[in-house]
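Chains as they are written, first to last, in the working numbering: chain Y, 144 to 384; chain G, 144 to 384.
A virtual CB, placed ideally from N, CA and C, is assigned to each residue, including glycine.
Remember, predicted model here, so these are calculated numbers, not experimental data.
There are 2 protein chains.
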Amino acid sequence: MANAIYDPSDFPAVAVTVDLVVFTIRDGALAVLLVRRGIEPGAGRWALPGGFVRPDEDLDAAARRELDEETGLGTARLHLEQLASYGAPQRDPRMRVVTVAYLCLTPDPTTPVAGGDAADVAWTAVADLDETDLAFDHHRILVDGLQRARAKLEYTPVATSFCPAEFTVADLRRVYEIVWNTTLDARNFHRKVTGTEGFLLPTDRTTVNPDGGRPARLYTRGHLDLLYPPMLRAHHAPDRH
Amino acid sequence: MANAIYDPSDFPAVAVTVDLVVFTIRDGALAVLLVRRGIEPGAGRWALPGGFVRPDEDLDAAARRELDEETGLGTARLHLEQLASYGAPQRDPRMRVVTVAYLCLTPDPTTPVAGGDAADVAWTAVADLDETDLAFDHHRILVDGLQRARAKLEYTPVATSFCPAEFTVADLRRVYEIVWNTTLDARNFHRKVTGTEGFLLPTDRTTVNPDGGRPARLYTRGHLDLLYPPMLRAHHAPDRH
DNA sequence: TGAATAGTGTCTCTCAGACACTATTAG
DNA sequence: CTAATAGTGTCTGAGAGACACTATTCA
Numbered sequence: 144m145a146n147a148i149y150d151p152s153d154f155p156a157v158a159v160t161v162d163l164v165v166f167t168i169r170d171g172a173l174a175v176l177l178v179r180r181g182i183e184p185g186a187g188r189w190a191l192p193g194g195f196v197r198p199d200e201d202l203d204a205a206a207r208r209e210l211d212e213e214t215g216l217g218t219a220r221l222h223l224e225q226l227a228s229y230g231a232p233q234r235d236p237r238m239r240v241v242t243v244a245y246l247c248l249t250p251d252p253t254t255p256v257a258g259g260d261a262a263d264v265a266w267t268a269v270a271d272l273d274e275t276d277l278a279f280d281h282h283r284i285l286v287d288g289l290q291r292a293r294a295k296l297e298y299t300p301v302a303t304s305f306c307p308a309e310f311t312v313a314d315l316r317r318v319y320e321i322v323w324n325t326t327l328d329a330r331n332f333h334r335k336v337t338g339t340e341g342f343l344l345p346t347d348r349t350t351v352n353p354d355g356g357r358p359a360r361l362y363t364r365g366h367l368d369l370l371y372p373p374m375l376r377a378h379h380a381p382d383r384h
Numbered sequence: 144m145a146n147a148i149y150d151p152s153d154f155p156a157v158a159v160t161v162d163l164v165v166f167t168i169r170d171g172a173l174a175v176l177l178v179r180r181g182i183e184p185g186a187g188r189w190a191l192p193g194g195f196v197r198p199d200e201d202l203d204a205a206a207r208r209e210l211d212e213e214t215g216l217g218t219a220r221l222h223l224e225q226l227a228s229y230g231a232p233q234r235d236p237r238m239r240v241v242t243v244a245y246l247c248l249t250p251d252p253t254t255p256v257a258g259g260d261a262a263d264v265a266w267t268a269v270a271d272l273d274e275t276d277l278a279f280d281h282h283r284i285l286v287d288g289l290q291r292a293r294a295k296l297e298y299t300p301v302a303t304s305f306c307p308a309e310f311t312v313a314d315l316r317r318v319y320e321i322v323w324n325t326t327l328d329a330r331n332f333h334r335k336v337t338g339t340e341g342f343l344l345p346t347d348r349t350t351v352n353p354d355g356g357r358p359a360r361l362y363t364r365g366h367l368d369l370l371y372p373p374m375l376r377a378h379h380a381p382d383r384h
């Protein structure tokens with residue numbers, strides 16, 4: 144932009160929106176928050192929640208406002224970060240729209256999705272979606288968000304963002320297993336996460352298991368924002384035998 | 144954006160630009176490509192290269208075009224990826240400008256920077272810049288780009304993007320040392336990078352060292368796009384004694 | 001020859017993964 | 001008691017870091 148002249152006639156009308164990839168874990172599966180479109184194009188189709196950035200609003204603030212409007216979730220416990228921007232000229236057929244996508248991870252909300260001007264809002268299992276189910280390029284954004292979430296579980300403690308304020312090591316392990324779509328050795332996982340200083344803070348409380356089993360200690364998330372050494376998933380091709 | 148009405152009067156005039164954080168290694172230091180602004184605000188100050196996204200141009204294409212215009216570098220050998228977007232309401236005093244920042248890594252160009260409409264263009268050592276040297280929020284963008292570049296050296300082979308087509312293991316090690324601002328054990332580094340299948344492809348040629356020393360084998364970059372296991376830098380606080 | 005740089009061998013320590021084993025609950 | 005889940009101990013193999021040593025060049 145260094146030498147540009149700022150005359151509105153120099154550039155076309157561009158709309159800037161934020162779109163949100165909001166993940167949670169419901170019924171043992173990774174789910175994403177979707178809204179049903181009420182207007183053309185793509186009326187009746189599902190899409191990511193989002194909306195215009197307002198004149199005096201920063202991008203992060205717009206994302207947070209849209210999230211509040213569409214979910215009614217308190218902003219406290221959830222993780223929100225910028226994902227990427229998408230601006231292909233024809234991604235919206237009506238006009239040029241550049242969207243800044245955000246990734247949000249939240250615990251399973253006990254209250255069903257509330258408020259907002261979106262008529263129909265639902266959590267949908269990511270595994271049940273295919274490329275043609277979402278409007279615009281939202282499937283691409285979703286896939287990028289999924290990849291980012293999977294990667295961040297490795298080297299940050301964001302997996303705790305899927306858990307309630309107090310949770311067990313098994314709860315956390317199930318988050319990893321669901322998001323990575325894999326199984327982990329419960330014993331090694333326990334040793335690893337409890338051994339990483341600052342990842343989890345033990346409380347003096349425990350859960351009760353309904354049909355037997357030793358009670359599990361409850362933890363809250365610690366202060367770390369980077370896991371070192373990281374949690375590992377297999378990146379190499381699995382061995383054939 | 145699901146339920147929004149697309150009437151231009153619904154949103155303010157917004158300009159979308161791309162800005163580029165272009166890094167190279169010059170004279171043993173990490174350097175960034177800067178242009179000197181010719182117009183207000185910030186006339187005479189340095190800024191990141193960039194410009195408007197054109198009406199029928201995707202964001203990536205705009206970044207690549209700006210890069211070509213300002214540097215004249217062939218697009219072949221260089222790494223270009225989206226970094227993040229910045230849209231604070233007052234980041235440009237004249238109007239609302241949302242910019243999509245890109246990160247680019249390139250070998251040291253032997254030809255000085257060419258072309259473009261920027262009058263004054265220069266490679267500047269990153270270490271010589273401080274927070275007040277750049278216009279707008281460009282210092283923040285630069286810092287984000289630096290952090291991204293440092294992180295990507297860990298788990299991808301992008302360090303080779305700083306090297307010419309053929310390079311030695313020592314060349315590659317110097318890239319790591321400069322970008323991470325650290326020193327690495329040359330022998331362990333050699334064992335590590337040559338032992339990672341697909342990172343480097345050996346040629347049958349060698350360099351000649353001007354004042355003695357065994358010739359070094361030349362390599363080209365391999366096909367890998369993810370390093371596993373990653374290159375490690377110390378993330379923990381160094382031990383006191 | 002010596003200085004300089006490239007590259008290998010080897011030891012130790014940490015840690016991931018496999019998995020036997022102990023601990024604590026409900027019924 | 002048994003079933004179930006939580007949590008520990010221990011071995012093995014891979015790999016990072018330290019660093020002695022060999023290899024190959026120029027002056």
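Reference residue i; option with closest CA among the options
i: proline 373/Y; options: Ser228/Y, Gly356/Y, Ile321/Y and Ala302/Y; result: Ala302/Y
i: leucine 202/Y; options: Ala359/Y, Thr346/Y and Tyr245/Y; result: Tyr245/Y
i: leucine 177/G; options: Val264/G, Arg330/G and Tyr371/G; result: Val264/G
i: leucine 367/Y; options: Asp354/Y, Gly181/Y and Ser304/Y; result: Ser304/Y
i: cysteine 306/Y; options: Leu221/Y, Glu212/Y, Arg197/Y and Pro198/Y; result: Leu221/Y
i: tryptophan 266/G; options: Asp170/G, Leu369/G and Tyr371/G; result: Asp170/G
i: arginine 376/Y; options: Asn352/Y, Thr346/Y and Tyr319/Y; result: Tyr319/Y
i: proline 345/Y; options: Leu285/Y, Val269/Y, Phe332/Y and Arg364/Y; result: Arg364/Y
i: leucine 369/G; options: Lys295/G, Phe332/G and Arg348/G; result: Lys295/G
i: glutamate 340/Y; options: Arg317/Y, Pro300/Y and Arg330/Y; result: Pro300/Y
i: proline 232/Y; options: Val164/G, Ala204/G, Arg237/G and Pro252/G; result: Ala204/G
i: leucine 223/G; options: Thr167/G, Ala156/G and Thr275/G; result: Thr167/G
i: histidine 241/Y; options: Glu274/Y, Asp162/Y, Glu213/Y and Ile182/Y; result: Per the sequence shown, residue 241/Y should be read as valine rather than histidine. Ranking the options by Cα distance to valine 241/Y, first place goes to Asp162/Y.
i: alanine 308/G; options: Arg239/G, Val164/G and Asp251/G; result: Asp251/G
i: leucine 289/G; options: Ala268/G, Phe279/G and Thr275/G; result: Ala268/G
i: aspartate 235/G; options: Gly215/G, Gln225/G and Ala190/G; result: Ala190/G
i: glutamate 200/Y; options: His281/G, Gly230/G, Glu183/G and Asp280/G; result: Gly230/G
i: leucine 216/G; options: Thr254/G, Arg291/G, Val286/G and Ala278/G; result: Thr254/G
Under 7 Å by beta carbon: chain Y residues contacting residue i
i: proline 300/G; result: Here the premise fails: no neighbours, minimum Cβ distance about 14 Å.
i: glutamate 200/G; result: Pro232
Residues of its chain near residue i, where Cβ-Cβ distance is below 7 Å and the 5 sequence neighbours each way are ignored
i: valine 336/G; result: Val312, Leu315, Phe342 and Leu343
i: arginine 293/G; result: Val322 and Trp323
i: phenylalanine 195/G; result: Ala158 and Thr160
i: threonine 350/Y; result: Thr311, Pro358, Ala359 and Leu361
i: methionine 238/Y; result: Ala156 and Ala158
i: glutamate 209/G; result: Val161, Leu163, Pro192, Gly193 and Gly194
i: threonine 325/Y; result: Arg376
Residue-chain proximity (residue i, chain G), Cβ-Cβ < 9 Å
i: arginine 283/Y; result: no
i: valine 159/Y; result: yes
i: alanine 265/Y; result: no
i: histidine 379/Y; result: Since pLDDT at histidine 379/Y reaches only 46, below the 50 mark, its modelled position is unreliable, and no value is offered.
First through last residue of the beta strand (DSSP E) which encompasses residue i
i: valine 165/Y; result: 157 to 169
i: aspartate 368/Y; result: No beta strand (DSSP E) holds aspartate 368/Y; DSSP gives it neither H nor E.
i: leucine 248/G; result: 239 to 248
Interface flag, residue i vs chain Y, CB-CB below 9 Å
i: alanine 268/G; result: no
i: arginine 383/G; result: With a pLDDT of only 34 at arginine 383/G, under the threshold of 50, the placement of this residue in the model should not be trusted; the figure read from the coordinates follows. Judged by the 9 Å Cβ criterion, arginine 383/G is not in contact with chain Y.
i: alanine 156/G; result: yes
Contact set between residue i and chain G, taken where Cβ atoms lie within less than 8 Å
i: glutamine 225/Y; result: Ala227 and Ser228
i: valine 336/Y; result: Per Cβ cutoff of 8 Å: no residues; valine 336/Y is ~17 Å from chain G at best.
i: valine 243/Y; result: Ser228, Gly230 and Val241
8 Å Cβ cut-off: residues of chain Y touching residue i
i: arginine 239/G; result: Pro198
Bounding residues of the alpha helix (DSSP H) (the contiguous stretch that carries residue i)
i: arginine 357/G; result: Segment: none, arginine 357/G is in no alpha helix (DSSP H) and carries neither H nor E.
i: glutamate 224/G; result: Glutamate 224/G -> not in any alpha helix (DSSP H); beta strand (DSSP E) instead, spanning 222 to 229.
i: threonine 346/G; result: That residue, threonine 346/G, is in no alpha helix (DSSP H); its beta strand (DSSP E) goes 343 to 349.
i: glycine 288/G; result: 281 to 298
i: valine 312/G; result: 312 to 323
i: threonine 337/Y; result: 329 to 338
i: alanine 174/G; result: Careful: alanine 174/G lies outside any alpha helix (DSSP H), inside the beta strand (DSSP E) at 172 to 179.
i: threonine 303/G; result: Neither: threonine 303/G is in no alpha helix (DSSP H) and is coded neither H nor E.
Interface partners of residue i on chain Y, CB under 9 Å
i: valine 318/G; result: Within 9 Å Cβ-Cβ: nothing; valine 318/G doesn't reach chain Y, min ~22 Å.
Cβ-based neighbour list, residue i, same chain, cut-off 8 Å, excluding 5 preceding and 5 following
i: arginine 334/Y; result: none
i: alanine 174/Y; result: Phe166, Thr167, Ile168, Trp266, Thr267, Ala268 and Val269
i: alanine 172/G; result: Ala268, Val269, Ala270 and Ile321
Same chain only: Cβ atoms within 6 Å of residue i, ignoring 5 sequence neighbours per side
i: arginine 348/G; result: Leu361
i: phenylalanine 332/G; result: Arg316
i: glutamate 274/G; result: His282
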